[in-house]
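First comes the structure, then the notes that go with it.
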Amino acid sequence: MEIALAKTELADVFLLKHGPEPVNIEARDSICAFRGIHFLEENCFVLGFERREWLIEKGCAFLTERGRLHEYSHVRGVPPDTVLSVRFSRPLLECMRDELPAVRFDELDSFLGVRNELRFLRWRFGRLPEQCRDFATDEWVINLVVAAYLNAPQAAARNFPDVQLAWYAERIEAARERIVKRFGDEHRLRPLARSVGMSTFQFARVFRELVGYAPHQYLLNVRYRAALHMLLEGASVTDACFQSGFSNLSQFTREFKTRFGQRPSSVKTWPRYLRTQRFTTSRVPEVRLRKSQAQPDCCSNVPAIR
Numbered sequence: 142m143e144i145a146l147a148k149t150e151l152a153d154v155f156l157l158k159h160g161p162e163p164v165n166i167e168a169r170d171s172i173c174a175f176r177g178i179h180f181l182e183e184n185c186f187v188l189g190f191e192r193r194e195w196l197i198e199k200g201c202a203f204l205t206e207r208g209r210l211h212e213y214s215h216v217r218g219v220p221p222d223t224v225l226s227v228r229f230s231r232p233l234l235e236c237m238r239d240e241l242p243a244v245r246f247d248e249l250d251s252f253l254g255v256r257n258e259l260r261f262l263r264w265r266f267g268r269l270p271e272q273c274r275d276f277a278t279d280e281w282v283i284n285l286v287v288a289a290y291l292n293a294p295q296a297a298a299r300n301f302p303d304v305q306l307a308w309y310a311e312r313i314e315a316a317r318e319r320i321v322k323r324f325g326d327e328h329r330l331r332p333l334a335r336s337v338g339m340s341t342f343q344f345a346r347v348f349r350e351l352v353g354y355a356p357h358q359y360l361l362n363v364r365y366r367a368a369l370h371m372l373l374e375g376a377s378v379t380d381a382c383f384q385s386g387f388s389n390l391s392q393f394t395r396e397f398k399t400r401f402g403q404r405p406s407s408v409k410t411w412p413r414y415l416r417t418q419r420f421t422t423s424r425v426p427e428v429r430l431r432k433s434q435a436q437p438d439c440c441s442n443v444p445a446i447r
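For our numbering, add 141 to where a residue sits in the sequence shown, where the first one is 1.
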């Protein structure tokens, strides 16, 4: 049984519950019909691909690729499994074409395992705001693609127990949202950590493990994404630089070109269709910013997190 949870231009999200019918103990072949990322919610099953097998347990994530042949089987005595399935649509491949061609999909393992970064994203999905939910879902999908396909897995000492993950997730998400909404402000590591009840060292370590970036890197990503949106909406390069929290125009211009492949002054010359596609591309994991968020109180001499 499939339960639709969300449907946007980038992906469909379903909860797939296998019914009470007898489960297969012997391996069966299955040809994937779509590219997607999936989280096992309940129970377990065995996934096979090219003479390799993985036990997919609760919390595990795995990939499917269109046309790929998998084997799957269930464990005797274990109830049917439940899977959260994120199935990508074609626009996702178009809007992220700058990054995805670098990924050799035919060489990727199907098994992603239990990774804290992916578990944090799964936790975030259940807490997406109802207001602007479609856009929030698309932003979440892009974060998921970056984590699953583009980011190298972090060397975590261990996977957090569910209760501990939830405790960390609430605090890291609060800090992440603060950075997003107040990207032009000065953010210092110690006060940011204290604001969510964590030590500086613990906060920096857990933030990187769950978000995939160190706090200062994430802030820079947010600021460059904000600057890009301002430029796309007609702002001058100088205004975009200082209103997004940077204080050095020449450094901003150099780094912008490194991240987006073109100088900020050329954004206005992008064709309309390319502007639309690049709105969601680049490895910068952020939402589109409202104009009220893009006007911080202090627009110059704002350092990154220290």
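Beta carbons: idealized from backbone N, C-alpha and C, even for Gly. Here the structure is a predicted model, which means the values were calculated and not measured.
- Where residue 380 is concerned, the enclosing alpha helix (DSSP H) starts and stops at 378-384.
- In the three-state reduction of the DSSP assignment, residue 327 falls in the coil class.
- DSSP places residue 306 within a helical segment (H, G or I) once states are collapsed to three.
- Approximately 25 Å separates the beta-carbon atoms of residue 324 and residue 289; this is outside 8 Å, ruling out the contact.
- By the CB criterion at 8 Å, residue 188 and residue 203 fall inside the cutoff.
- Residue 223 sits in a strand when the DSSP states are folded into three classes.
- Distance from the CA of residue 275 to the CA of residue 152, rounded to the nearest whole angstrom, comes to 10 Å.
- Around the Cβ of residue 196, a 10 Å sphere holds fewer than 16 other Cβ atoms; the residue is exposed.
- A residue is called buried when at least 16 other Cβ atoms come within 10 angstroms of its Cβ; residue 410 does not meet this threshold and is exposed.
- DSSP lists 223 as the bridge partner or partners of residue 183.
- The three-state secondary structure of residue 322, taken from DSSP, is helix.
- Per DSSP, the unbroken alpha helix (DSSP H) holding residue 341 starts and ends at 341-352.
- The residues 154, 155 and 156, in chain order, have a CB closer than 7 Å to that of residue 146 in the same chain once the five nearest residues on each side in sequence are set aside.
- Taking one beta carbon from each stretch, the region 337-357 and the region 376-392 have fewer than 3 pairs nearer than 8 Å; the two do not touch.
- Around the CB of residue 246, fewer than 16 other CB atoms lie within 10 Å, so the residue is classed as exposed.
- Bounds of the alpha helix (DSSP H) holding residue 399 are 390-401.
- Between the region 331-340 and the region 308-315, the count of Cβ pairs shorter than 8 Å is three or higher; the stretches touch.
- Non-local beta-carbon contacts of residue 144 in its own chain, meaning distances under 6 Å to residues more than five positions away in sequence, involve 156 in chain order.
- Residue 271 carries a coil assignment under DSSP once its states are collapsed to helix, strand and coil.
- Non-local beta-carbon contacts of residue 210 in its own chain, meaning distances under 7 Å to residues more than five positions away in sequence, involve 170 and 172 in chain order.
- Pairing residue 363 with residue 386, the inter-Cα distance amounts to about 10 Å.
- Apart from the 5 residues on each side of it in sequence, residue 355 sits with its Cβ closer than 8 Å to the Cβ of 345, 348 and 349 in its chain, given in chain order.
- Apart from sequence neighbours up to five positions away, the residues of its chain that approach residue 301 with a beta-carbon distance below 7 Å are 257 and 309, ordered along the chain.
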